[in-house]
Amino acid sequence: MKRLMLVLLCTLLGLSVILILGCDKDDDVTGNDDTTLNPQDSVMIEDVLQEDLFESPMRSLEVSWVLLNSILGAQMPKMSNPVAALGQDDEVLVIIAAEYLGYSDGWHVFDFHARVTDQSILDTVDIVGTDSVQIIVDGDPVPYPAPGTVIEGLKERAQADWWTNSDDTGAIHHRLEIDLAGDTLITINGTVDDYFNVHEEDDFGVCDVELGLDQVITDIVFNINQESGCPESGQIVQIATIDIHCVGEGANAGYTLDVSGVWTVTATVNEGEDTVTITFSNGVFSWTVVEPCDGGGVAKSGWID
103 MKRLMLVLLC TLLGLSVILI LGCDKDDDVT GNDDTTLNPQ DSVMIEDVLQ
153 EDLFESPMRS LEVSWVLLNS ILGAQMPKMS NPVAALGQDD EVLVIIAAEY
203 LGYSDGWHVF DFHARVTDQS ILDTVDIVGT DSVQIIVDGD PVPYPAPGTV
253 IEGLKERAQA DWWTNSDDTG AIHHRLEIDL AGDTLITING TVDDYFNVHE
303 EDDFGVCDVE LGLDQVITDI VFNINQESGC PESGQIVQIA TIDIHCVGEG
353 ANAGYTLDVS GVWTVTATVN EGEDTVTITF SNGVFSWTVV EPCDGGGVAK
403 SGWID
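Heads up, the sequence shown is in this note's numbering, so the first residue is 103 and it goes up one at a time.
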């Protein structure tokens with residue numbers, strides 16, 4: 103089961119899978135063994151921490167684009183929305199409410215309420231917060247570019263709280279820059295700080311998850327004409343503080359899974375190969391995998407029309 107979470111940069115496994123992977127009674131991924139990591143635990147860490155590494159920043163940039171378009175209209179860059187429709191086709195982003203607070207110190211400032219609905223599982227994520235967007239022309243911020251002006255880039259500062267219809271909660275704080283100066287290339291840099299508090303229940307038991315993610319995005323470059331949706335270059339480094347506690351119920355009583363620690367995930371685009379090399383490390387255990395870029399969570403996944 104893949105839960106929709108607009109700001110979730112990871113996918114939580116269904117409890118059935120988690121409890122199977124963590125079938126030992128006292129399973130601790132940081133463990134007491136300094137030389138061996140249970141391969142089942144490594145699979146879980148990969149699934150939790152590598153999934154959709156780029157989804158959260160792209161979603162917040164999508165909100166910024168929509169809000170900015172509401173005041174600029176025809177003056178927006180003459181290209182398809184470069185931050186629209188990331189992810190599954192059945193995910194729909196709607197701005198429920200927005201208030202333009204004005205232009206201050208080079209920034210257009212908005213209060214907003216956005217909602218993403220996943221039609222496939224009837225899950226929603228509501229985000230309420232403040233978004234500030236800066237328009238860059240000739241190296242400087244401008245309030246309203248003249249008609250025909252080339253907008254070189256956008257800067258975004260977003261902070262918001264979110265919740266799902268199943269009472270999961272969290273918060274985001276993003277500082278992102280998008281370079282639009284090239285005819286076909288889009289470059290994204292920035293930092294992402296996200297927090298998640300998730301409660302999962304199914305027939306197998308109950309899981310509680312706390313997750314803090316600090317991301318640094320460096321020169322992720324997309325070519326809008328690249329059909330594969332893979333970036334051409336760049337790197338994402340993510341520091342994840344994770345605490346997962348799962349308890350089996352009913353026929354699974356007695357099965358537990360406790361995972362905690364700080365993990366560093368480094369995803370580097372392999373230029374010209376449509377793959378991403380991802381390294382996982384917690385200072386004791388470390389391993390590297392090579393994934394197709396869509397499997398490594400950094401594909402644009404259709405976000406350019």
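From the three backbone atoms N, C-alpha and C, an ideal C-beta is built for every residue, glycine too. These figures come from a predicted structure and were not determined experimentally.
Within 10 angstroms of its Cβ, does residue i collect 16 or more other Cβ (buried), or is it exposed?
i    : result
E201 : exposed
T390 : exposed
D270 : buried
C395 : buried
G385 : exposed
E164 : buried
V131 : Below a pLDDT of 50, predicted positions are generally treated as unreliable, and V131, at 37, falls in that range; the measurement from the model is reported next regardless. So V131 counts as buried.
G303 : First, the amino acid is wrong: residue 303 is Glu here, not Gly. Under this definition E303 is an exposed residue.
H210 : buried
P249 : exposed
V418 : Since the displayed the chain opens at 103 and closes at 407, residue 418 lies outside it and no answer follows.
V311 : buried
A355 : exposed
G175 : exposed
G307 : buried
T289 : buried
With a CB to CB cut of under 6 Å and the five nearest residues on each side skipped, what residues in its chain are close to residue i?
i    : result
P243 : G208 and Q236
L106 : Note that L106 scores a pLDDT of 31, beneath 50, so its modelled location is shaky and nothing firm can be said.
R259 : S234 and R277
A199 : H215
F212 : L169, A200, Y202 and D233
D228 : R217 and W265
T366 : I341 and S383
G314 : Y297 and T343
V194 : T219
P245 : Y205
Taking the alpha carbon of residue i as the point to measure from, which residue in the options has its own alpha carbon closest?
i    : options                   : result
L203 : G175, I197, A216 and S234 : S234
F324 : Q261, T343, E373 and D316 : E373
I147 : V371, E254 and D345       : D345
N291 : V392, Q317 and L195       : Q317
S383 : V339, A355, H347 and G356 : V339
V196 : I238, S335, V230 and H347 : V230
E279 : E334, G241, I326 and V364 : G241
Please list the terminal residues of the continuous beta strand (DSSP E) segment that includes residue i.
i    : result
C348 : S335 to G350
Y246 : Segment: none, Y246 is in no beta strand (DSSP E) and carries neither H nor E.
F212 : W209 to D220
G363 : T358 to N372
N291 : L287 to D304
I274 : T271 to D281
S234 : D225 to V239
D376 : No beta strand (DSSP E) contains D376, which DSSP labels as neither H nor E.
C332 : Looking at the DSSP string, C332 is not in any beta strand (DSSP E), and its letter there is neither H nor E.
C309 : G307 to N325
A262 : G255 to T266
Kindly list the residues whose CB is nearer than 7 Å to the CB of residue i, restricted to its own chain and excluding five residues on each side of it in sequence; keep chain order.
i    : result
G272 : V109, W264, D296, Y297, F298 and N299
V185 : With a pLDDT of only 48 at V185, under 50, the local geometry of the prediction cannot be trusted, and the value read off the model is given with reservation. These residues qualify, in order along the chain: M160, L163, E164, W167 and W405.
E393 : T377, V378 and I380
N267 : D225 and T226
G336 : T320, D321, I322, V323 and V371
P247 : Q177, I237, V239 and I253
T251 : V239
Review point. On the three-pair Cβ rule with 8 Å, is the stretch 348-361 touching the stretch 371-388?
Key: The stretch 348-361 is not in contact with the stretch 371-388.
**Study point:** Meets three-Cβ-pair contact criterion under 8 Å: the stretch 347-355 and the stretch 156-171
**Key:** No: the two stretches stay apart, fewer than three of their Cβ pairs being nearer than 8 Å.
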